[in-house]
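Okay, structure first, notes after.
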């Protein structure tokens, strides 16, 4: 399709209307990774599959630019990483994932793209990969775990460059299934506030239920 | 201060480059955050090629680690087999209670109870399916020869795919018949006559069960030999070799004709 008419909402990220619906794309020289379609040189970003995609769809855009050094915690099979890799042409993504099974698929992605450094490791133990990852500008975390806030902070201590920003996704149910989501979000934000400046937080409805994102800046 | 980097040791502002990048990549641990960025130190060593070399090393290391980790799926199968056993005995017990209830009187409660047991049966089938799937993935050769079910049982008794691969064929032959084997061995030790078991778990295989008694031992020994080879291929290589099961089939046909 040559008639792709989109507007660039962030570096390499495009919004376009196709079949009467608003859709989001990243400009990509690579083939699809998770069954998404490609329109010309643009790869559709499915918000239901990627929380970062959902965030952009909801109108909250984080422009990472093209040179960002990024640490990604919880890469899974690489759905979101694939789009970040499109966005950061000359940047670099250090992607950590603990579980071998999804990592297998992710490795294929890492092999075809030049800006991904795959690390099979435990994000809760940054000391284990401290001699690999450089100081980064951005830390992205999508791991639904009870102690995910502590893990997030610990990785900032190890790897945050000056003025580094971060994005953390919190799933209420994986922190405490007995409490109200709102209560949990409040607690998480209070916990973050000491070490981080909260730039923005919001829910990911309707794309992901009981999830919020929190965009922060490290006070270091 | 000394720091472990993926490409070597950093000390007093100098890097001693590692002889083996994959090894140093795996051991790049430091208890505290580094006061500098490994990429800056690395560019002094590798120049513009830094990320290329890092990426290549990371991919190689991860490929090896993934393969090693995935072998742990054997633990999953073992846990599933044990769950299945537990489920089986629960269902049997519940069925007994159901029969008791039914004998006394018809009631709605009994109907609900029966439905619930039916659900457990469905769940059982799901577990069995999952075992089959994982077995085909992690032990294609053993599965091809004796089926996923018996294969999973052998794996459970061995404790891991690694141990199964290390077992001699003679052990595999009598896995599951430990009780009668040790009874026989202790009789022999006391100088008495004894019958050593010819087969354990693998007796469930139709190729053994369908043969006349006199030939079962021979077939069991043959199959156990092939399983031993198959388990080793599964553990070290992971690709299916159809020759093995073909040989087993031929042997069976030959024995059943005579």
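Residue numbers (our numbering), protein chains in the order written: chain A, 1 to 220; chain B, 1001 to 1258. In this text, a Cβ means the ideal position worked out from N, Cα and C, and glycines have one as well.
- Put simply, the backbone Cα of residue 1061 of chain B is about 11 Å away from that of residue 117 of chain A.
- A residue is called buried when at least 16 other Cβ atoms come within 10 angstroms of its Cβ; residue 1148 of chain B meets this threshold and is buried.
- Counting along the chain, the unbroken beta strand (DSSP E) around residue 26 of chain A starts and ends at 21–27.
- Residue range 1073–1104 is occupied by the alpha helix (DSSP H) that includes residue 1090 of chain B, with no beta strand (DSSP E) assigned at that position.
- By alpha-carbon distance to residue 215 of chain A, the top candidate from A:141, A:144, A:200, A:135 is A:200.
- Pairwise C-beta distances place the region 15–30 of chain A in contact with the region 71–88 of chain A, as three or more of them are shorter than 8 Å.
- Taking a cut-off of 8 Å on C-beta distances, the region 35–53 of chain A does not touch the region 103–115 of chain A, as fewer than three cross pairs fall below it.
- Residue B:1134 holds the alpha-carbon nearest to the alpha-carbon of residue 1072 of chain B among B:1193, B:1134, B:1248, B:1082.
- Under the Cβ criterion of 7 Å, residue 14 of chain A is not counted among the residues facing chain B.
- Looking at the backbone, the Cα of residue 1246 of chain B and that of residue 1183 of chain B are separated by about 35 Å.
- By DSSP's assignment, residue 15 of chain A forms a beta bridge with A:7, A:24.
- Just measuring C-alpha positions, the residue of A:163, A:193, A:156, A:202 sitting nearest residue 170 of chain A is A:202.
- Judged by DSSP in its simplified three-state form, residue 123 of chain A adopts coil rather than helix or strand.
- Residue 5 of chain A is outside the set of residues whose beta carbon lies under 7 Å from a beta carbon in chain B.
- The beta carbon of residue 54 of chain A sits closer than 7 Å to the beta carbons of 47, 204, 207, 208 from its chain, once the five residues preceding and following it are set aside; these are given in chain order.
- Bounds of any alpha helix (DSSP H) do not take in residue 33 of chain A, whose DSSP letter is neither H nor E.
- Residue 74 of chain A is positioned such that its CB atom lies closer than 7 Å to that of residue 142 of chain A.
- With 16 or more other Cβ atoms from the protein chains shown falling within 10 Å of its own Cβ, residue 148 of chain A counts as buried.
- Burial of residue 134 of chain A is indicated by the presence of at least 16 other C-beta atoms within 10 angstroms of its C-beta.
- The beta carbon of residue 131 of chain A is closer than 6 Å to none in its chain, skipping five residues each way along the sequence.
- Looking at the DSSP output, residue 118 of chain A shares a beta bridge with A:95.
- For residue 164 of chain A, the closest alpha carbon among the candidates A:189, A:137, A:158 is that of A:137.
- Listed by position along chain B, the residues whose Cβ is nearer than 7 Å to that of residue 158 of chain A are 1033.
- Following the DSSP letters along the chain, one finds residue 1205 of chain B in no alpha helix (DSSP H), marked with neither H nor E.
- Secondary structure note for residue 1008 of chain B: its beta strand (DSSP E) is the uninterrupted segment 1008–1011.
- With contacts defined as CB atoms closer than 7 Å, residue 144 of chain A and residue 218 of chain A fail to qualify as a contacting pair.
- Counting along the chain, the unbroken alpha helix (DSSP H) around residue 103 of chain A starts and ends at 100–112.
- Residue state for residue 59 of chain A is assigned as coil, using DSSP reduced to three classes.
- Here DSSP, grouped into helix, strand and coil, assigns residue 1114 of chain B to helix.
- Three or more Cβ pairs drawn from the region 1161–1174 of chain B and the region 1220–1228 of chain B lie within less than 8 Å of each other, which places the two stretches in contact.
- Close CB contacts of residue 1208 of chain B within its chain, under the 8 Å cut and outside five residues either way in sequence, are with 1199, 1202, 1216, 1219, 1220, 1223 (chain order).
- The count of Cβ pairs closer than 8 Å, one atom from the region 186–199 of chain A and one from the region 1001–1015 of chain B, stays below three, leaving the stretches out of contact.
- Judged by their CB atoms, residue 95 of chain A and residue 72 of chain A are nearer to each other than the 7 Å cut-off.
- Of B:1048, B:1120, B:1165, the smallest CA-CA separation from residue 1085 of chain B is found for B:1120.
- Annotation for residue 1040 of chain B: the continuous alpha helix (DSSP H) segment containing it runs 1038–1046.
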